[in-house]
Amino acid sequence: MIQGRREPATLDQGNPLATDIDRYLTALASERQASPHTVAAYRRDLDRLCAHAPQRAEDVRGHHIRAYVARLHAGGLAPRSIARALSGVRGFFAWLVRRGELGGNPAAGIRAPKQQARLPKTMDADQTAQLFVGNEPKDDLELRDRAMAELLYGSGLRLAELVGANVGDLDLDEGVITVVGKGSKTRISPVGSAARKALRAWLATRTGVTLQDPLFVARGGQRISPRSVQLRLKKLAAATTGNDALHPHMLRHSFASHMLESSGDLLAVQELLGHANIATTQIYTHLDFQHLAKVYDSAHPRAHRKSGPENAAPGGAKR
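Here the working numbering is used: the first residue of the sequence shown is 88, the next is one more, and so on.
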């Protein structure tokens, strides 16, 4: 049984397509080390297809895939989610093609509905500073929460990287932490002085710790869960900023945006974030441009772009 799998009650387990999906998800988990969350998401998307497509993969055609996309769209699924679902379907059939079990990919060339580009939400430097100024930790759990927030923002870690880190992965003397990112890729991230101070304070509360122990643990001593991190960060934000709209990835996004604003070194930020493709990192150049545009609009005497006759080009055309 695949971890994270949820079978719909109406799915015919004698369906050959369902069997192929099972094999694919098993390979995804074992060969590509996909996370249980990813496998579960692929399972949901592929089960939706299986419920309406022919029972054999070789009988699935492009029009079946287009009908699948149309059903998702009609059901109110967001374009971004449809694109993810279609990517999973495309990957499944591509896997069968690579194994020589299918002559072609029926999902190739089929596009999801156009989606508006969404920029990741970030905090500016002043907002981020509010998390760490004042309201000193009062107990061990608050020391842990401060250390987690400092590490997420100071090193740009993903939530899974933070949760999966062990004590032995951290070298406070050298100021680095070794993490395992997407695709089981290992990278070394710097740990700033503020994060090192917070981590020392947190580790000082623990006794009998070995290098193999989790870096962050829950109240009962077990490795902290991703959901617990999310909830504790919300609590920290509510106490320090008065707004609990904070999630771990927002700290990673803020790290990337602030690093790029200060350095302008896209390749360095790509390396720090552990992005395999620089195109993923380039989203932060748009955030940086938004910041520059605001500065320009507020500072330049002829930058106030308001509608009106004084802003019209010759002949009445708008600039």
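Each residue gets a CB set at the ideal place from its N, CA and C atoms; glycine is no exception. Note that the structure is a prediction, hence the values are computed from the model and not measured.
Asked, Found
"Go through its chain and collect everything with a Cβ distance to Asn222's Cβ below 8 Å, but skip five positions before and after it.", "Ala326, Thr327"
"By the 10 Å Cβ neighbour count, where 16 or more other Cβ atoms means buried, how is Gln120 classified, buried or exposed?", "exposed"
"Can you tell me where the beta strand (DSSP E) with Val266 in it begins and where it stops?", "263–267"
"Going by the C-beta, is Ala363 closer than 7 Å to any heavy atom of the ligand NAP?", "This structure lacks the ligand NAP; in fact it carries no ligand of any kind."
"Hey, Leu302 and Ala252 are a contact pair by Cβ (cut 8 Å); roughly how many whole angstroms apart?", "4 Å"
"Suppose only complete runs of 3+ residues qualify. What are the beta strand (DSSP E) ranges in the region 212–281, listed by chain order?", "263–267, 273–277"
"Under 8 Å by Cβ, that's how I've got Ala234 and Leu286 pegged, so tell me the actual separation to the nearest angstrom.", "5 Å"
"Residue ranges of each alpha helix (DSSP H) run of no fewer than 4 residues wholly in the region 347–371, ordered along the chain?", "353–360, 365–368"
"So, with DSSP's three-state summary, where would you put Arg310?", "strand"
"Quick check on Pro193: does DSSP put it in helix, strand or coil?", "coil"
"So who's on the other strand from Val304, going by DSSP bridges?", "Arg310"
"Under the three-state reduction of DSSP, which class applies to Gly101: helix, strand or coil?", "coil"
"Return the residue from the list Glu188, Pro166, Ala116, Pro224 that minimises the CA-CA distance to Pro200.", "Pro166"
"Excluding five sequence neighbours on each side, which residues of the same chain lie with their C-beta closer than 7 Å to the C-beta of Ala236?", "Leu218, Leu320, Leu323, Leu338"
"Going by C-alpha to C-alpha distance, which of Gln142, Asp146, Cys137 sits closest to Arg158?", "Cys137"
"Just to confirm my understanding: we take Val254, look at its own chain, exclude 5 residues before and 5 after, and list those with CB closer than 8 Å. What are they?", "Leu290, Val296, Thr297, Leu298, Gln299, Asp300, Pro301, Leu302"
"Between the alpha carbons of Gln214 and Leu333, how many angstroms are there, rounded?", "11 Å"
"Does the region 262–274 come close enough to the region 351–368 that 3 or more CB-CB pairs lie under 8 Å?", "yes"
"Applying the 10 Å Cβ sphere with the 16-neighbour rule, what's the burial state of Gln309?", "exposed"
"For Asn102 and Arg143, what's the separation of their Cα atoms in angstroms?", "8 Å"
"Using 8 Å for Cβ pairs, my map puts Val53 next to Asp132. What's the rounded Cβ distance?", "As shown, the chain starts at 88 and ends at 406. That puts residue 53 outside it, with no answer to give."
"Please go through the same chain and pick out, in chain order, the residues whose beta-carbon is closer than 7 Å to the beta-carbon of Leu244, but skip the five residues on each side of it.", "Leu238, Val266, Ser276, Arg339"
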